[in-house]
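Here's the structure, in structure tokens; my notes come after.
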Amino acid sequence: MIAKNYLFQGSSTIRNIAELFGLLLVFVLILVLAYYTSKWIGKTGAGMTTKNHNITIIETLRLSQTKYLQIIKIANKYIVIAVSKDHVEYLTDIDGDQLKSFEGVMDTPSFKEVLSKIKLGTNVKSKDCIENEKDENDV
Numbered sequence: 003m004i005a006k007n008y009l010f011q012g013s014s015t016i017r018n019i020a021e022l023f024g025l026l027l028v029f030v031l032i033l034v035l036a037y038y039t040s041k042w043i044g045k046t047g048a049g050m051t052t053k054n055h056n057i058t059i060i061e062t063l064r065l066s067q068t069k070y071l072q073i074i075k076i077a078n079k080y081i082v083i084a085v086s087k088d089h090v091e092y093l094t095d096i097d098g099d100q101l102k103s104f105e106g107v108m109d110t111p112s113f114k115e116v117l118s119k120i121k122l123g124t125n126v127k128s129k130d131c132i133e134n135e136k137d138e139n140d141v
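In this note's numbering, the protein residues as written are 3 to 141.
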């Protein structure tokens with residue numbers, strides 16, 4: 003009687019181990035499918051969202067959690083729109099001469115530049131800051 007229980011438990015243990023490996027295999031298969039699906043979606047989505055050369059968002063002002071004012075440049079025309087959760091409304095046109103220039107705004111460094119500077123243990127500076135320091139040192 004003891005031998006039968008031992009054999010029964012052994013087959014149950016083997017069955018449990020086989021079930022565990024089966025579940026692990028299914029889990030790994032799901033991870034692999036999710037990985038390749040996300041890569042596929044990333045490639046097809048990148049083709050759809052190419053850089054626009056005729057439409058540019060110049061500035062966005064947040065009015066509330068779901069409401070924004072945006073200045074948009076379409077070709078050579080500047081317009082102001084109001085954007086909310088469910089609605090976009092045209093407000094007015096603006097002359098390009100009325101807008102303030104953004105020449106003084108620094109370029110933000112790319113993530114790769116920031117990461118490499120952090121690895122080297124140096125301060126992260128944008129290209130404009132470095133050029134300004136060179137100009138100041140030359141004077």
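Where a beta carbon is used, it is the ideal one built from N, C-alpha and C, also for glycine.
For S66, the uninterrupted beta strand (DSSP E) segment begins and ends at I57 to S66.
Between the segment 88 to 98 and the segment 112 to 122 there are fewer than three inter-stretch CB-CB distances shorter than 8 Å, so the stretches are not counted as touching. Under the 10 Å beta carbon count, Y80 is surrounded by 16 or more other beta carbons and is classified as buried. Below 8 Å, enough C-beta pairs join the segment 70 to 86 and the segment 54 to 62 to call them touching: three or more. Under the three-state reduction of DSSP output, A77 falls in the coil class, being neither helix nor strand.
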